[in-house]
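Add 4 to a position in the sequence shown, counting from 1, and you land on the number used in this note's numbering.
Yeah, the Cβ is synthetic: ideal placement off N, Cα and C, and Gly gets one too.
Small disclaimer: the values here were computed from a predicted structure and weren't measured.
Take a look at the structure below.
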Amino acid sequence: MVRITGPQKAMAVVGGIIALLVAGVAVGSLFPSASNQGYAPEQPIPFSHKLHAGENKIACAYCHVGVEKSRHATIPAMNVCMNCHSVVKTDSPHIQKLRQHYAEGKPVEWVRIHELPDFVYFPHKRHVAKGVSCETCHGDIKSMDRVEQMEPLTMGWCLDCHRGKTTPSNVVREILKTNPHVNDPGQRYKPIATTSCSACHQ
Ligand code: HEC
Ligand code: HEC
Ligand code: HEC
Ligand code: HEC
Ligand code: HEC
């Protein structure tokens, strides 16, 4: 009998894992709508929303300056952090790392979490303007030490809200102000936003 010794066995296991990964990527590209739900990567600096947006009640838009006025919410530049951390908690090694990045002009490489494919158009501004809360799509960020993707962000998920199936009631009320037709009693659901392909795939 041929015994597989330590290093060879390790190689065989590694080979197996690589084969599985390759197969996984191939399957993934056949079904690109596989969701990132649950993704919660570690960040280069452990920034806590619970501490900043929760306990210290800093407004979302103080850091995510684009969210009410443009397509992208945007991730804050280091000078926003330095508004406080040039004096706050300067003895922390994490803040020292932040200050070093700032001094060298090297942006922190935050790992992107929520990300639609390039062929999808998603405007934050339009949603925020009709009262769709951050929490509806991002979960209770204020209580998170590390951000996690809570919703699937698939096409079906977008459409369920646009078709009126999962739309929060405050949003339905907001839409009714300008579009009374939404309230057509003959309809099971009240479509509150577009379902046309070209609106989301421009
Ligand atoms: C003090 C600045 C600051 C405040 C206030 C803040 N954020 Fe953030 N936010 C960040 C930074 C920095 C990141 C990137 C690091 C991370 O993901 O934790 C981020 C990441 C995020 C992400 C994930 C982005 C991605 O990659 O997909 C979401 C969603 C988010 N914030 C929502 C919120 C919401 C909602 C609020 C208010 C309840 C809020 N943020 C308040 C600084 C802030
Ligand atoms: C209707 C759902 C929805 C709402 C409401 C929403 N977001 Fe988002 N958010 C998304 C989606 C989808 C993405 C990914 C967008 C992409 O990849 O183009 C995203 C991405 C982000 C990002 C990272 C990328 C970027 O756009 O710069 C941040 C930060 C963020 N959202 C913060 C917020 C904050 C803060 C609020 C509330 C003021 C909010 N979002 C409200 C769905 C939503
Ligand atoms: C409006 C003020 C303010 C802003 C802006 C701000 N922070 Fe903070 N941050 C705080 C406060 C307050 C604490 C808690 C300090 C304490 O524990 O005494 C804190 C704590 C931290 C800590 C934990 C430090 C430790 O080791 O305990 C990190 C990391 C951090 N902030 C990173 C950031 C980053 C990155 C940004 C920019 C995206 C940022 N902060 C923006 C006020 C701010
Ligand atoms: C919780 C409800 C909700 C979710 C989830 C949602 N939307 Fe929306 N969407 C709305 C509302 C409300 C409007 C605003 C309609 C209006 O202005 O009358 C809107 C408007 C839009 C518009 C502008 C349409 C136009 O008329 O030009 C686009 C594009 C869009 N959404 C894309 C998306 C995409 C892509 C997703 C998924 C990633 C998504 N939405 C998820 C509620 C939602
Ligand atoms: C409200 C926004 C929205 C509308 C309207 C919409 N889509 Fe999408 N679509 C998305 C999002 C978000 C994705 C990416 C996530 C996913 O694949 O589920 C997507 C992905 C896709 C994909 C790739 C998915 C896959 O499995 O390969 C195709 C093809 C597509 N859409 C076609 C259409 C067609 C055709 C229409 C009109 C009948 C349409 N979409 C209407 C948001 C939308």
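Query, Result
"Examine ligand 2 and report whether any of its heavy atoms sits within less than 7 Å of the Cβ of Val-69.", "no"
"Using 8 Å for Cβ pairs, my map puts Thr-198 next to His-166. What's the rounded Cβ distance?", "6 Å"
"Does the Cβ of Thr-182 have 16 or more other Cβ atoms within 10 Å, making it buried, or fewer, making it exposed?", "exposed"
"Which full runs of the alpha helix (DSSP H) of 4+ residues lie inside the region 35-73, going along the chain?", "64-67"
"Are there 16 or more other CB atoms within 10 angstroms of the CB of Ile-157, so buried, or fewer, so exposed?", "Checking the sequence, you will find Leu at residue 157 rather than Ile. Buried, by the Cβ-count rule."
"Go through its chain and collect everything with a Cβ distance to Gly-42's Cβ below 7 Å, but skip five positions before and after it.", "Glu-152, Gln-153"
"How is Ser-147 classed by DSSP in three states: helix, strand or coil?", "helix"
"Going by Cα to Cα distance, which pick from Ala-63, Asp-122, Trp-114, Asn-60 is closest to Ala-81?", "Trp-114"
"Three or more C-beta pairs under 8 Å: does that hold for the region 94-108 against the region 127-143?", "no"
"For the alpha helix (DSSP H) that Arg-130 lies in, which residues bound it at each end?", "128-133"
"Buried or exposed for Thr-171, going by 16 or more other Cβ atoms inside 10 Å?", "buried"
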